[in-house]
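The structure under discussion appears below in the form of structure tokens.
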Amino acid sequence: MTTQIWLDHTGGPEVLQVRTVDRDAPGPGQVWLDQEAIGVNYLDVTQRKGAAPIPLPGGLGLEGAGTVAAVGAGVTDVAVGDRVAYALGPLGGYADGRLYPAERLIRLPDAVTTKDAAAILFKGTTAIGVIGACAPAATETVKRGRHGSSRGYRQMRNRSTDPGRHPSSPLR
238 MTTQIWLDHT GGPEVLQVRT VDRDAPGPGQ VWLDQEAIGV NYLDVTQRKG
288 AAPIPLPGGL GLEGAGTVAA VGAGVTDVAV GDRVAYALGP LGGYADGRLY
338 PAERLIRLPD AVTTKDAAAI LFKGTTAIGV IGACAPAATE TVKRGRHGSS
388 RGYRQMRNRS TDPGRHPSSP LR
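By our numbering, the letter at position 20 of the sequence shown is numbered 257, and the numbering carries on one by one without gaps.
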């Protein structure tokens with residue numbers, strides 16, 4: 238059995254339900270991950286509220302870390318006992334265990350805790366995406382602020398070299 242946070246419809250925090258479900262066996266290309274930590278992101282809040290559509294009923298959470306407990310057919314990159322992390326879909330990270338595509342897992346070095354990995358991985362992909370979208374030249378300096386990634390995102394977006402992009406328009 239595994240415990241997960243589930244929602245049937247969007248709304249405030251009261252729509253979140255705790256439920257216990259059977260633990261599924263991994264299919265081809267999947268692993269069962271015993272999660273030790275998950276990331277909680279503002280995107281999760283916007284999805285719960287309905288501002289960013291998600292399939293419902295369903296789970297929330299795009300980021301987590303833990304230990305591989307079982308592998309499905311064809312999985313060769315990770316093994317039972319490996320400490321791994323992930324960021325991005327499929328949704329369902331708000332759980333103590335889950336099925337996840339093995340090809341999307343990142344094996345953790347010994348020096349990185351599962352808590353640290355779950356807390357920063359999604360943010361790192363955001364930073365990489367922003368830098369790629371803004372495409373700073375080799376001669377430009379990219380400054381890192383002390384106020385978190387959202388302020389840094391706005392600063393970089395506003396400095397975009399794309400003359401057609403208004404400073405308040407979202408990056409795509």
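C-beta atoms are modelled at their ideal positions from N, C-alpha and C, and glycine is treated no differently.
DSSP state of Ala356 mapped onto helix, strand, coil: Looking at Ala356 - three-state DSSP - the assignment turns out to be helix.
Whose C-beta lies closer than 6 Å to the C-beta of Trp243 among residues of the same chain, with five residues either side of it excluded? Correct list, in chain order: Gln254, Arg256, Gly296.
Excluding the 5 residues flanking Arg341 on each side, which residues of the same chain have their C-beta closer than 8 Å to its C-beta? Tyr323, Leu325, listed in sequence order.
Only counting the same chain, and skipping five residues up and downstream in sequence, which positions put a Cβ closer than 8 Å to that of Arg260? So the list reads Met238, Thr239, Trp269, Gly334, once near-sequence residues are dropped.
Decide yes or no for the touch test of the region 298-309 against the region 366-373: beta carbon pairs closer than 8 Å, at least 3 of them. No, the region 298-309 is not in contact with the region 366-373.
Ignore the nearest five residues each way along the sequence and tell me which others in Pro263's own chain have a CB closer than 7 Å to its CB. Only residues of its own chain outside the window of five on either side were considered, and among them Trp269, Ala307, Val308, Gly309, Leu336 have a CB closer than 7 Å to the CB of Pro263, listed in chain order.
Cα-Cα separation, Ile357 to Thr351: In a straight line, the C-alpha of Ile357 is about 10 Å away from that of Thr351.
Quick check: what's the CA-CA separation for His246 versus Thr376? His246 and Thr376 have their C-alpha atoms some 49 Å from each other.
Of the residues Pro250, Val305, Gly361, Asp314, which one's Cα is nearest the Cα of Gln284? Nearest option by C-alpha distance: Pro250.
Would you mind giving the Cβ-Cβ distance between Leu410 and Ile275, rounded to the nearest angstrom? I have them listed as a contact below 8 Å. A question about residue 410 goes unanswered here, because the residues of the chain that appear run from 238 up to 409.
Pull up the distance between the alpha-carbon of Gln267 and that of Asp319, whole angstroms please. The C-alpha of Gln267 lies about 14 Å from the C-alpha of Asp319.
Quick check: the Cα distance between Asp347 and Ala354, rounded to an integer number of angstroms? A direct Cα-to-Cα measurement between Asp347 and Ala354 gives close to 11 Å.
Return the CA-CA distance between Ala339 and Ile365, expressed in angstroms with no decimal places. Cα-Cα distance, rounded: 22 Å.
Quick one: using the 10 Å Cβ neighbour count with 16 as the cut-off for buried, is Val282 buried or exposed? With fewer than 16 other Cβ atoms from the protein chains shown falling within 10 Å of its own Cβ, Val282 counts as exposed.
Between which residues of its own chain and Leu293 is the CB-CB distance below 8 Å, once the five residues before and five after are set aside? If you ignore the 5 residues before and after Leu293, its C-beta comes within less than 8 Å of the C-beta of Leu244, Asp245, His246, Thr247, all in its own chain and listed in chain order.
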